[in-house]
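Numbering (UniProt numbering), first residue to last: 1 to 61.
A virtual CB, placed ideally from N, CA and C, is assigned to each residue, including glycine.
Here's the structure we're looking at; comments come further down.
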């Protein structure tokens, strides 16, 4: 069953133009699901655009 879900998730990510964004959003939502509501309110995860801007700035150094 788990392999079927993973296979379906991979198939859906292949349909999008930016698979890195999909992977980031999936990991972010998975991590957010593990956190308590108080933790999510105090330190929300950055959006993909913020993450990409920070990543590009670090790789330019």
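What residue range is occupied by the uninterrupted alpha helix (DSSP H) comprising residue i?
{"i": "residue 59", "result": "48-59"}
{"i": "residue 41", "result": "37-42"}
{"i": "residue 23", "result": "19-34"}
In angstroms with no decimal places, state the Cα-to-Cα distance between residue i and residue j.
{"i": "residue 49", "j": "residue 1", "result": "33 Å"}
{"i": "residue 12", "j": "residue 20", "result": "13 Å"}
{"i": "residue 4", "j": "residue 53", "result": "34 Å"}
{"i": "residue 7", "j": "residue 51", "result": "26 Å"}
{"i": "residue 33", "j": "residue 56", "result": "27 Å"}
{"i": "residue 35", "j": "residue 25", "result": "15 Å"}
Report task. Check whether the segment 43-61 touches the segment 20-29, taking contact to mean three or more Cβ pairs, one atom from each stretch, closer than 8 Å. Result -> yes
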